[in-house]
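Residue numbers (the numbering used here): 173 to 388.
The C-beta atom is built at its ideal place from N, Cα and C for all residues, glycine as well.
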């Protein structure tokens, strides 16, 4: 299994953590031991901004969870982005992190949709279309979070991304809808906890190529 490599603290939160540490040091200089609550805050902030390494499953046809959270829905529905029948898996991220977004599959970024271009009535603020080398299509779509409605996404159209690789950040969490080919069997159930880059949500199904015998 491959392991994604990055800092244990999300780089998006590093400036905030540095400011908190600096503030705690100043308080300790002026107030000594009475400044201990500021260090508790630093520890809590560091835990909230954590970005642990994840072992990516050795499953080329597996679709991994893009975020940590709880499965809220597993249903057959219409994909509003690609106008196809699809399997939708909805994941609600917790307020207490982690907030890292990962790629559900290996492939290329085909298109982005922002708040002003998402389909009307979808309730999404951002969506990304990924396509595998076998032309399996996956759409990741973000519902507005409780406090933030936007995502920090580091993918551009045409980029190549690996399965389970870090590709964005969603401050304080949100709900993510994952639209998959309709024939994908789900590997999770409603209420199940999933881990970004590690839990398998579903699996691509490819028809085996039938070889015709050679006749003389």
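Item: Residue 362 vs residue 373 beta-carbon contact at 7 angstroms; Value: no
Item: Exposure of residue 265, with buried meaning 16 or more beta-carbon neighbours within 10 Å; Value: buried
Item: Residue 226 to residue 357 span [Cα, whole Å]; Value: 24 angstroms
Item: Range of the contiguous alpha helix (DSSP H) that encloses residue 276; Value: No alpha helix (DSSP H) holds residue 276; DSSP gives it neither H nor E.
Item: Pairwise C-alpha distance: residue 315 and residue 262; Value: 10 angstroms
Item: Selected residue, minimal CA-CA separation from residue 376, among 246, 202 and 353; Value: 353
Item: 6 angstroms CB neighbourhood of residue 278 in its chain, flanking five on each side removed; Value: 334 and 335
Item: For residue 200, three-class secondary structure by DSSP; Value: helix
Item: Contact check, residue 252 vs residue 291, beta carbons under 7 angstroms; Value: yes
Item: Where residue 250 falls, given that 16 or more other Cβ within 10 Å makes a residue buried; Value: exposed
Item: At least three beta-carbon pairs within less than 8 angstroms, the stretch 229-245 to the stretch 363-372; Value: yes
Item: Close-in-space but distant-in-sequence residues of the same chain around residue 241 (CB under 7 angstroms, 5 per side omitted); Value: 263, 264, 265, 266 and 366
Item: Residue 214 vs residue 192 beta-carbon contact at 7 angstroms; Value: yes
Item: Reference residue 293; option with closest CA among 259, 313 and 257; Value: 313
Item: Proximity below 7 angstroms, CB of residue 338 to CB of residue 270; Value: no
Item: N- and C-terminal bounds of the beta strand (DSSP E) containing residue 353; Value: 347-353
Item: Length of the line joining the Cα atoms of residue 255 and residue 207; Value: 57 angstroms
Item: Cα-Cα separation between residue 305 and residue 276, rounded to whole angstroms; Value: 14 angstroms
Item: For residue 251, the three-state DSSP class (helix, strand or coil); Value: strand
Item: Residue 188, DSSP secondary structure in three states; Value: helix
Item: Unbroken alpha helix (DSSP H) run spanning residue 301, endpoints; Value: Not the alpha helix (DSSP H): residue 301 falls in the beta strand (DSSP E), residues 298-303.
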